[in-house]
Amino acid sequence: MSTSQFVTDVYITVPEGIDKVALKKELYIQGVKPGVYKKSIDRKVVRENIMVKFNQIAYVSINVKGTNIFVNITKKDESQNSEENSNYCNIIATKDGIIEKVVPRSGEALVEEGDIVKKGEVLVNGANTAALPEVWATTFYEAKKSSNYIDIKNQRTENKKKVYTISFYDKKYKILRNIKYKDYEIENKTHELKIGDYKFPVKIIVSTFYEVKKVESKIDVEKIKEELSTAVLKELDYKIPVSARIVDSKDKYNVNKSMVEYVVTVTTSEDIAQLDILSKSEAEAIIKSNLEKKKQEEGEQKTSNPQNRPINDIRNEFKEEDIKTNTKDKENQ
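Residue numbers for the sequence shown follow full-length UniProt numbering, beginning at 1 and rising by one.
Next comes the structure, spelled out in structure tokens:
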């Protein structure tokens, strides 16, 4: 692998008031450092993490030129404390998905076809609300329902025992009996002592323990499948937006010893773009950063154009050619 694919130097430009040492340390943690493979640096992730870590930073510009990385920091100023909304916004993902296509219209697209994005991730930076972008992605929806197809009921045997409890005011006295039934049901009845309208502060509670045995009965599995299918499709109908286009769907039944489970996975194509309106201060920072980036790109284009190259560079090139020619002539002699 060519050494030109690795970073040799990182140049950081920060305004006054930003801790350059702390910023450099954080960039190092994020993988922006000499010796790393250039393509392994996810500028979008680094930018977001830095802006979360340093509240006073309005924007982070990361440019790769040759084997060098240039990091330019834009600081929030007093005008950037304004929370008044602008005509600019970021486009964020409404849900997880795989990017199919981006129609930016305005702003800078931070994702491309094939990228896997998470809900809330910034997809387009600095878009204008007058020309809203579209971001289409493959999304997935799943619904599952399960039901027991073996119905277990208690069936009473002929065995039963009674336990008596005497209640006197707030005290209770239980006449204990040994209940050896493995499974049982209990019925309680309370008897009060009274003469006419007068009630004695004594109650007798009779607890009857009925021995039961477990009886299994199978329910029609096909009937359960039909019920589960109806429930799952109803849930998916609620989950999937009307605007989404269904591309594919897969379903399966899982049947174990006593349960039937129905799972449906639907693949859709939909626009996952959601507006995140920027304040005027945030919009100013993005516009400023984009202008700086544009100037840098224009500067590189001018330098690469022979007509715009400094005269000294051209003279040096001719001098080098003359040296090469003289060397060849001497060798031929």
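Just so it is clear, CB atoms sit at the ideal spot from N, CA and C, and this is done for glycine as well.
With DSSP as the reference, please indicate the residues paired to residue i in a beta bridge.
i: residue 43; result: According to DSSP, residue 43 bridges with nothing at all.
i: residue 209; result: 161, 186
i: residue 146; result: 261
i: residue 107; result: Answer is none; residue 107 lacks a bridge partner.
i: residue 154; result: 214
i: residue 203; result: 167, 192
i: residue 93; result: 273
i: residue 249; result: 266
i: residue 223; result: None; residue 223 has no bridge partner.
i: residue 254; result: 261
Verify whether the separation of the beta carbon atoms of residue i and residue j is less than 9 Å.
i: residue 75; j: residue 29; result: no
i: residue 283; j: residue 120; result: no
i: residue 164; j: residue 207; result: yes
i: residue 92; j: residue 7; result: no
i: residue 155; j: residue 214; result: yes
i: residue 265; j: residue 142; result: yes
i: residue 88; j: residue 286; result: yes
i: residue 263; j: residue 254; result: yes
i: residue 151; j: residue 218; result: yes
i: residue 103; j: residue 134; result: yes
i: residue 96; j: residue 54; result: no
For residue i, which three-state DSSP category applies?
i: residue 296; result: helix
i: residue 237; result: helix
i: residue 10; result: strand
i: residue 230; result: helix
i: residue 49; result: helix
i: residue 289; result: helix
i: residue 27; result: helix
i: residue 243; result: coil
i: residue 272; result: coil
i: residue 134; result: strand
i: residue 15; result: coil
i: residue 20; result: helix
i: residue 101; result: strand
i: residue 4; result: helix
i: residue 174; result: strand
Give the C-beta separation of residue i and residue j to the nearest angstrom, bearing in mind that I take them to be a contact with Cβ-Cβ under 8 Å.
i: residue 67; j: residue 106; result: Their Cβ separation, rounded to whole angstroms, is 33 Å, which puts residue 67 and residue 106 out of contact at 8 Å.
i: residue 116; j: residue 98; result: 6 Å
i: residue 209; j: residue 169; result: Their Cβ separation, rounded to whole angstroms, is 27 Å, which puts residue 209 and residue 169 out of contact at 8 Å.
i: residue 71; j: residue 11; result: 7 Å
i: residue 192; j: residue 203; result: 6 Å
For the alpha helix (DSSP H) containing residue i, list its first residue and its last residue.
i: residue 32; result: From DSSP, residue 32 is part of no alpha helix (DSSP H); its letter is neither H nor E.
What first and last residue would you give for the beta strand (DSSP E) that runs through residue i?
i: residue 69; result: 68-75
i: residue 61; result: 57-65
i: residue 178; result: Element bounds for residue 178: n/a, residue is neither H nor E.
i: residue 114; result: It is not in any beta strand (DSSP E) - residue 114 carries neither H nor E in the DSSP assignment.
i: residue 125; result: 122-128
For the ligand ATP, is there a heavy atom less than 8 Å away from the beta-carbon of residue i?
i: residue 208; result: The ligand ATP is absent from the structure shown, which contains no ligand whatsoever.
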